[in-house]
Amino acid sequence: MPDILDQARTQVLDGGVGLDEAGVLAVLQLPDERLSAALQLAHEVRMRWCGPEVEVEGIVSLKTGGCPEDCHFCSQSGLFASPVRSVWLDIPSLVEAAKQTAATGATEFCIVAAVRGPDARLMKQMREGVAAIRAEVDIQVAASLGMLSQEQVDELVEMGVHRYNHNLETCRSHFPNVVTTHSWEERWETLRMVRASGMEVCCGGILGLGETIEQRAEFAAQLAELDPHEVPLNFLNPRPGTPLGDQAPVEPRDALRAIAAFRLAMPRTILRYAGGREITLGDLGTRDGLLGGINAVIVGNYLTTLGRPASEDLALLDELKMPVKALSATL
23 MPDILDQART QVLDGGVGLD EAGVLAVLQL PDERLSAALQ LAHEVRMRWC GPEVEVEGIV
83 SLKTGGCPED CHFCSQSGLF ASPVRSVWLD IPSLVEAAKQ TAATGATEFC IVAAVRGPDA
143 RLMKQMREGV AAIRAEVDIQ VAASLGMLSQ EQVDELVEMG VHRYNHNLET CRSHFPNVVT
203 THSWEERWET LRMVRASGME VCCGGILGLG ETIEQRAEFA AQLAELDPHE VPLNFLNPRP
263 GTPLGDQAPV EPRDALRAIA AFRLAMPRTI LRYAGGREIT LGDLGTRDGL LGGINAVIVG
323 NYLTTLGRPA SEDLALLDEL KMPVKALSAT L
């Protein structure tokens, strides 16, 4: 049987064709002594098919907590005894958050709401918020508002939202163990409509939700089939009061193996560090991931958990000589 890294060098690095599910599983099963080689190859793939630039993004929650869904990892669910309670952000605060994000050099500002899908009030808040941001801040606006109707997709396009985030969270076979109030297929349908609208698709998930290594490979293959513009890669940061609150974090080496494997499955995709990297990887692991296939980061804090100071991430990118992607003049 050919060595998986030799196969990936020919197929992915030279040919630009991602590994299939079996190939991803083989990378995820590599022994520790081959991890450095896998990360090095993933970095070469990233540099060849994406280039050295790193896309920097900030996120803010327009509506926090009180969500009716039962995603077992999420402290924003109104169904669990977690400490997050429902809060709405006003428009001036939203604009200020966008300004602070732009000041870090970020090109992307994502507005997030903890909802099953947006109602009329939330869409009105989005319309006003996006207009206010676009009037005062030179930054691209993305959104993450749950499941959408076709009419809502069309509205977001009209507002000027250029990218929509809707994570599948985990593979299709494991999803019912993580969420019971809606289906994986419902999420997929929203993503299909977003892609057809011309908005960029941002879709990833969380590793460490109790999935097997085989299911982790399944998830990478399903994301590759969707072919999103961006994949945010989160690692579970167990939240008190949630059903997964006692789950052990992903082991650092397993997290790095996953970074390499997902890059080798999706050579041209923006692969973004998202939540949980601090608790899972720490400073050294964060560096290893940036030299192992990652080419985008969320700077500052996440929705309900603290991140690294933006200045630390930007200093690390400078040290690694990875330029921050400039805002596209055409958007």
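To convert, count from 1 in the sequence shown and add 22; that's my numbering.
All C-beta atoms, glycine included, are put in the ideal place defined by N, C-alpha and C.
Measuring CB to CB, does residue 321 end up less than 8 Å from residue 80?
Cβ distance < 8 Å, so residue 321 and residue 80 count as in contact.
Taking the alpha carbon of residue 183 as the reference point, which residue from 172, 210, 148 and 169 has its own alpha carbon closest?
That would be 148, whose Cα lies nearest to the Cα of residue 183.
Contacts around residue 265, its chain only, beta-carbon distance under 6 Å, and the 5 residues preceding and following it disregarded:
In chain order, 94 place their CB closer than 6 Å to the CB of residue 265, counting only its own chain and leaving out the 5 sequence neighbours on each side.
Quick one: residues in its chain with C-beta nearer than 7 Å to the C-beta of residue 314, no 5 flanking neighbours on either side, listed in chain order?
61, 64, 65, 278, 281 and 282
Assigned exposure category for residue 244 - 16 Cβ within 10 Å defines buried:
buried
When the Cα of residue 340 is compared with those of 78, 43 and 32, which residue comes out closest?
78
Would residue 92 pass as a contact of residue 202 if the rule is Cβ separation under 8 Å?
yes
Assign residue 165 to one of three DSSP states: helix, strand, or coil.
strand
Give me the residue from 292, 267 and 141 with the minimum Cα distance to residue 90.
141
Three Cβ pairs or more, each shorter than 8 Å: is that satisfied between the region 252-262 and the region 42-61?
no
Pick from 317, 284, 274 and 288 that is closest to residue 305, judged by C-alpha positions
Closest by alpha carbon: 274.
Excluding sequence positions up to five away, which residues of its chain have a Cβ less than 6 Å from the Cβ of residue 150?
113
Inter-stretch contact (C-beta, 8 Å, three-pair minimum) for the region 218-225 and the region 181-196
yes
Between the Cα of residue 166 and those of 111, 133 and 334, spot the shortest distance and give me the residue it belongs to.
133
Which ranges does the beta strand (DSSP E) cover as unbroken runs of at least 3 residues, wholly within the region 154-202, from first to last along the chain?
162-166 and 185-187
Nearest-angstrom Cα distance between residue 159 and residue 31?
42 Å
What distance in whole Å lies between the Cβ atoms of residue 192 and residue 241, which are believed to be in contact at a cut-off of 8 Å?
6 Å
Taking its Cβ as the centre, do 16 or more other Cβ atoms sit within 10 Å of residue 25, making it buried, or is it exposed?
By the beta-carbon neighbour count (other beta carbons within 10 angstroms, threshold 16), residue 25 is exposed.
Extent of the continuous beta strand (DSSP E) run through residue 257
252-257
Between 334, 155, 83 and 251, which lies nearest to residue 217 when the distance is taken from Cα to Cα?
251
Can the beta-carbon of residue 286 be found less than 8 Å from the beta-carbon of residue 40?
yes
Look at the alpha carbon of residue 293 and the alpha carbon of residue 146, and state the distance between them as a whole number of angstroms.
31 Å
Can you give me the Cβ contacts of residue 269 inside the same chain, cut-off strictly under 7 Å, excluding the 5 residues immediately before and after it?
230, 232, 258 and 260
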